[in-house]
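Residue numbers (full-length UniProt numbering): 1 to 207. The structure appears right after this line, and notes come after that.
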Amino acid sequence: MAASRLVVLVSGSGTNLQALLDAIDAHPEGPEGFGARVVAVGADRDGIVGLERAEKAGIPTFVCPVKAYATRAEWDAALTAATAAHEPDLVVSAGFMKIVGPEFLDRFGGRFINTHPALLPAFPGAHGVRDALAYGAKVTGCTVHFVDGGVDTGPIIAQGVVEIRDGEEEAALHERIKEVERTLLVDVVGRLARHGYRIEGRKVTIQ
Ligand code: GAR
Numbered sequence: 001m002a003a004s005r006l007v008v009l010v011s012g013s014g015t016n017l018q019a020l021l022d023a024i025d026a027h028p029e030g031p032e033g034f035g036a037r038v039v040a041v042g043a044d045r046d047g048i049v050g051l052e053r054a055e056k057a058g059i060p061t062f063v064c065p066v067k068a069y070a071t072r073a074e075w076d077a078a079l080t081a082a083t084a085a086h087e088p089d090l091v092v093s094a095g096f097m098k099i100v101g102p103e104f105l106d107r108f109g110g111r112f113i114n115t116h117p118a119l120l121p122a123f124p125g126a127h128g129v130r131d132a133l134a135y136g137a138k139v140t141g142c143t144v145h146f147v148d149g150g151v152d153t154g155p156i157i158a159q160g161v162v163e164i165r166d167g168e169e170e171a172a173l174h175e176r177i178k179e180v181e182r183t184l185l186v187d188v189v190g191r192l193a194r195h196g197y198r199i200e201g202r203k204v205t206i207q
């Protein structure tokens, strides 16, 4: 079976993208392989390390900044077209800090996953780590889920747990979450690609 085609969307340092690239590189091609390959990396801004990582790996990139379009709907259409041009089987939001619109979801719903730095449904949104600390939670972690029309509300595929240390700062906690997150994302993407999956209501089963 041909490797699944992945388009990865990033907004920042792209360490989750790098973990995917490294895992794919570490596997042989063919039936014993990872089961997926990154065919393009998209971003909502220029000049980020995530794009540099893609360029270094020789992977095509595209950039769709929200501000370059007159309306959010036009941005949504442009992001959808730029992503669709690479004919992905799966789209991975790996630190992509924008909420996609209805056109993107119509096209890629059910094959668009996101990784979030908290144990959903707790602490959705752009500040999952900060919000868990401010709440006084004792454990947090990361969640890989399918994206639906809400903010971090789609069906959960897998989660990783991280204990919060007394007095811990946001940056240090986020780094420890990301260590767990990278392993989880690589594992989930590989299993989805190799085994296939079913989404029934909120339940995701990897076959
Ligand atoms: C990750 O922790 C990801 O969960 C988070 O951004 C980080 C990206 O790291 N995403 C969100 O907060 C989305 N709401 P990376 O650029 O090093 O992969």
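The beta carbon of each residue, even a glycine, is placed where N, CA and C say it ideally should be.
### Query
Any chance the segment 90-107 sits against the segment 2-10, with 3 or more Cβ pairs inside 8 Å?
With a cut-off of 8 Å, the segment 2-10 and the segment 90-107 count as touching, because enough Cβ pairs lie within range.
#### Entry: Local conformation of Y69 per DSSP, three classes
In the sequence shown, the residue the question calls residue 69 occupies position 69. In the structure shown, Y69 sits in coil (DSSP, three-state: anything other than H, G, I, E or B).
### Task
Taking K138 as part of the alpha helix (DSSP H), name the residues at either end of that continuous run.
Start at 1 with the first residue of the sequence shown, and residue 138 comes out as number 138. No alpha helix (DSSP H) holds K138; DSSP gives it neither H nor E.
### Pick from L21, T153, A26 that is closest to K56, judged by C-alpha positions
The residue you call residue 56 lines up with position 56 of the sequence shown. When each option's Cα is compared against that of K56, the closest is L21.
### Query
So, helix, strand or coil for T143, using DSSP?
Position 143 of the sequence shown holds residue 143. In the structure shown, T143 sits in a strand (DSSP, three-state: E or B).
### Query
Taking all protein chains shown into account, do 16 or more other C-beta atoms lie within 10 angstroms of the C-beta of D152, making it buried, or fewer, making it exposed?
Numbered from its first residue, the sequence shown carries residue 152 at position 152. That one is buried.
### Message
For K56, list the residues DSSP reports as bridge partners.
### Response
Here residue 56 is taken as the residue at index 56 of the sequence shown, counted from 1. Answer is none; K56 lacks a bridge partner.
### Query
Counting Cβ pairs, one atom from each stretch, are 3 or more of them under 8 Å apart for the segment 126-146 and the segment 105-117?
yes
### Query
Given T15, which residues of its chain have a CB within under 7 Å of its CB, disregarding the five upstream and five downstream residues?
Taking the sequence shown and counting its residues from 1, the one referred to as residue 15 is at position 15. Same-chain partners within the cutoff: K178, R182.
### Task
Just mark T71 as buried or exposed, buried being the case when its beta carbon has 16 or more other beta carbons within 10 Å.
Along the sequence shown, read from residue 1 onward, the residue named residue 71 stands at position 71. It counts as exposed.
### Query
Which runs of the alpha helix (DSSP H) spanning at least 4 residues fall entirely within the segment 58-127, listed in chain order?
72-84, 102-108
### Task
From the DSSP output, read off the bridge partner residues of K203.
Sequence index remark: in the sequence shown, residue 203 carries index 203 (1-based). DSSP, once it has assigned bridges, lists E200 as partnering K203.
### Message
I'd like to know whether the C-beta of E74 is nearer than 8 Å to at least one C-beta of chain D.
### Response
Although the question refers to chain D, the structure presented lacks it and comprises just one protein chain.
### Message
Please tell me whether, using a cut-off of 7 Å, the distance from the CB of T140 to the nearest non-hydrogen atom of ligand 1 is below it.
### Response
In the sequence shown, the residue the question calls residue 140 occupies position 140. Not under cutoff, so the answer is no.
### Message
Could you tell me the alpha carbon to alpha carbon distance between D44 and H86, rounded to whole angstroms?
### Response
For the purposes of this step, residue 44 is taken as residue 44 along the sequence shown, with counting starting at 1. For the purposes of this step, residue 86 is taken as residue 86 along the sequence shown, with counting starting at 1. Between D44 and H86, the C-alpha separation is close to 17 Å.
### Query
When burial is assigned at 16 or more other CB atoms within 10 Å of the CB, is R37 buried or exposed?
In the sequence shown, counting from the first residue as 1, residue 37 sits at position 37. Label assigned to R37: buried.
### Message
My parser needs the beta strand (DSSP E) runs of 3 or more residues fully inside the segment 143-180; what are they?
### Response
156-163
### Query
So, V41 versus R5, is the Cβ gap smaller than 8 Å?
Taking the sequence shown and counting its residues from 1, one reaches residue 41 at position 41. Taking the sequence shown and counting its residues from 1, one reaches residue 5 at position 5. The answer is no: Cβ separation not under 8 Å.
#### Entry: Contacting residues, own chain, Cβ-Cβ under 6 Å from F123 (five flanking each side not counted)
Counted from its first residue, the sequence shown places residue 123 at position 123. Cβ within range, chain order: D131, A132.
### Message
Measuring only from the beta carbon, is K203 closer than 7 Å to any heavy atom that is part of ligand 1?
### Response
Residue mapping note: residue 203 aligns to position 203 of the sequence shown, counting from 1. No, the beta carbon of K203 sits no closer than 7 Å to any heavy atom of ligand 1.
### Query
Cβ atoms of L192 and L105: under 8 Å apart, would you say?
Taking the first residue of the sequence shown as position 1, residue 105 is located at position 105. Taking the first residue of the sequence shown as position 1, residue 192 is located at position 192. No, they are not a contact pair.
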